[in-house]
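In full-length UniProt numbering, the protein residues as written are 1 to 501. Even glycine gets a Cβ: it sits at the ideal position worked out from N, Cα and C. Worksheet: one structure, shown below.
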């Protein structure tokens with residue numbers, strides 16, 4: 001008798017509902033193969049509170065509690081996991097089972113505009129926009145099992161099938177158009193699947209100092225608003241709750257993820273567009289990068305944050321549920337003369353890698369440190385404030401980095417997806433974690449952690465010296481290593497500085 005889980009991976013780690021109760025089950029017919037390593041990591045996890053290796057993909061906390069409490073989702077997804085047990089895993093595949101579990105207020109409107117959705121932790125989030133009308137996700141048909149008739153002429157499934165390739169997907173040009181509209185004019189991204197938490201109470205500042213590597217003293221207060229990637233929202237929620245309990249902090253974490261939508265308006269024309277919609281001065285002086293304000297948008301109160309995950313001038317609007325559609329329509333109406341268009345997460349993946357913005361569980365894993373990931377600037381090392389992990393960073397800084405993340409570009413137009421081997425002067429030194437095609441620089445871009453073959457420090461000189469190559473499916477390509485992001489390395493665009501050429 002074999003157990004199959006909802007994503008074809010084991011269930012391991014501490015249960016989010018019961019402290020001290022650990023799982024090590026759901027091995028999907030691969031228990032003999034996985035048992036030794038998983039047993040070793042689970043033992044370390046129980047004793048030390050965390051595994052040695054990256055076990056996030058197996059961590060029970062990867063699932064949102066609304067899914068693990070939903071019998072229909074478990075039944076459908078576990079069936080599809082079994083049905084696809086021996087299927088080739090293609091880069092852009094999506095499940096057909098257990099869909100439409102979590103929908104944001106923009107879902108129906110975007111579907112009508114041709115949105116092809118991705119499923120991430122129960123949420124339906126925009127993947128890309130199909131030019132030939134709606135392609136809705138239908139109820140699961142169990143692939144015709146149990147006497148259930150299969151869907152005929154299922155447009156969404158047909159679009160997925162066309163992407164079953166290790167070449168560039170057939171919609172490569174559509175994703176390029178979304179990316180270039182963002183780089184040249186303005187694009188609107190629906191990012192409502194983000195987790196939205198409030199940390200409040202007498203010890204909220206103490207908790208924030210300990211939990212967050214960044215210095216939060218710039219905005220003193222006893223309340224903190226957190227917008228966290230939807231994929232890692234449950235994991236973050238469980239981690240924060242555990243730390244609050246272990247440290248005895250008197251504060252409350254509340255989840256408002258379902259109560260708010262979030263759209264991001266990004267590109268050189270974003271300020272011109274939003275100045276018509278928001279009742280506040282959006283100049284650099286009045287609204288600097290990395291600040292936020294409560295403002296009015298088309299008569300509705302919203303939180304505006306000047307941030308970017310694509311490397312452009314832009315703002316995120318965090319909007320109460322009932323105000324989402326009127327605010328979105330006002331943004332689209334104001335943007336018509338600027339050539340605004342919707343864009344999805346496939347575009348975000350490309351735009352973000354051009355800027356070197358890190359993705360969770362690709363560029364960043366539990367076994368990476370902020371120093372290795374090039375994120376030392378997010379750590380308050382120059383203050384004396386203690387924080388979770390500070391001692392480990394101090395000792396690593398003193399010893400020097402034995403591994404670090406590096407950006408690579410190749411000139412040939414070949415797709416890469418991550419896990420491609422990295423060679424330095426013909427010696428393997430690591431593998432890519434993530435790769436995408438960068439449309440603005442017209443090159444394939446990959447990020448991976450590398451080690452020095454002699455075990456020494458991975459210095460900038462080591463990265464600048466010698467020849468790097470990347471191997472994809474047995475073919476080796478010359479690669480260029482970059483110490484800064486290959487697109488807008490001076491970060492002028494997020495400051496609203498655009499050259500006139």
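Would you tell me roughly how many angstroms separate the C-alpha atoms of residue 20 and residue 120, rounded to the nearest one? 28 angstroms
How should residue 177 be labelled, buried or exposed, when 16 other C-beta atoms within 10 angstroms of its C-beta is the threshold for buried? So residue 177 counts as buried.
Out of 406, 407, 381, which has the shortest C-alpha to C-alpha gap to residue 396? 381
Can you say whether residue 166 is buried or exposed, counting buried as having 16 or more other CB atoms within 10 angstroms of its CB? Per the 10 Å Cβ criterion, exposed.
With residue 258 as the anchor, note down where its beta strand (DSSP E) starts and where it stops. Counting along the chain, residue 258 falls outside any beta strand (DSSP E), and DSSP gives it neither H nor E.
Own chain residues within Cβ distance below 7 angstroms of residue 203, not counting five before or after: 249, 250, 251
Segment contact, 8 angstroms Cβ cut-off, at least three pairs: the stretch 302-313 with the stretch 491-499: yes
Pull up the DSSP beta-bridge partners for residue 296, would you. Looking at the DSSP output, residue 296 shares a beta bridge with 301.
Can you tell me where the beta strand (DSSP E) holding residue 468 begins and where it ends? 468-472
If contacts are defined as beta-carbon pairs under 8 angstroms, then residue 81 and residue 189 qualify, I think. What distance do you get, rounded to the angstrom? Incorrect: roughly 30 angstroms between the Cβ atoms, too far for contact.
Rounding to the nearest angstrom, what Cα-Cα distance links residue 483 and residue 370 in this structure? Separation of residue 483 and residue 370 (C-alpha to C-alpha, rounded to the nearest whole angstrom) is 16 angstroms.
Note down the Cα distance separating residue 194 from residue 95, rounded to an integer number of angstroms. So the alpha carbons of these two residues sit roughly 20 angstroms apart.
Pairwise C-alpha distance: residue 448 and residue 205: 35 angstroms
Status (buried if at least 16 other CB within 10 Å, exposed otherwise) for residue 408: Residue 408 comes out buried.
Helix, strand or coil at residue 495 according to DSSP, with G and I counted as helix: helix
DSSP beta-bridge partners for residue 444? 410, 437
Simplified DSSP assignment, three categories, for residue 228: strand
Considering residue 422, what are the terminal residues of the beta strand (DSSP E) in which it resides? For residue 422, the enclosing beta strand (DSSP E) covers residues 421-424.
Return the CA-CA distance between residue 366 and residue 53, expressed in angstroms with no decimal places. 8 angstroms
Using CA atoms only, rank isn't needed, just tell me which of 292, 406, 142, 14 is closest to residue 423. 406
Cβ neighbours of residue 286 in the same chain (closer than 8 angstroms, five flanking residues each side left out): These residues qualify, in order along the chain: 280.
Between 31, 291, 55, 172, which has its C-alpha nearest residue 41's C-alpha? 55
Are the stretch 126-136 and the stretch 296-310 touching by the rule of at least three beta carbon pairs closer than 8 angstroms? no
If we require 4 or more residues per run, which alpha helix (DSSP H) segments fall completely within the stretch 332-378? Scanning the stretch 332-378 from its first residue to its last, the whole alpha helix (DSSP H) runs of 4-plus residues come out as 345-355.
Please list the terminal residues of the continuous beta strand (DSSP E) segment that includes residue 120. Per DSSP, residue 120 belongs to the beta strand (DSSP E) from 115-120.
Is the distance from the Cβ of residue 515 to the Cβ of residue 342 below 8 angstroms? Residue 515 is absent from the model: the chain starts at 1 and stops at 501.
Check whether the stretch 5-14 and the stretch 57-68 are in contact - that is, three or more C-beta pairs closer than 8 angstroms. yes
Is the separation between the beta-carbon of residue 197 and that of residue 255 shorter than 8 angstroms? yes
Answer yes or no: do residue 69 and residue 101 have a C-beta to C-beta separation smaller than 8 angstroms? no
Would you decide whether residue 479 is buried or exposed? Buried here means 16 or more other CB atoms lie within 10 Å of its CB. It counts as buried.
May I have the straight-line CA-CA distance separating residue 33 from residue 22, to the nearest angstrom? 20 angstroms
Quick check: residue 347 and residue 175, are their CB atoms within less than 8 angstroms of each other? When the beta-carbon positions are compared, residue 347 and residue 175 come within less than 8 angstroms of each other.
For residue 410, count neighbouring C-beta atoms within 10 Å of its own C-beta (all shown protein chains included) and say buried if the count is 16 or more, exposed if not. buried
Note down, in chain order, each residue of its chain lying with its Cβ closer than 8 angstroms to the Cβ of residue 441, except the 5 sequence neighbours on either side. 354, 409, 486, 487
Does the Cβ-Cβ distance between residue 359 and residue 434 come in under 8 angstroms? yes
Would DSSP call residue 400 helix, strand or coil? Coil, per DSSP.
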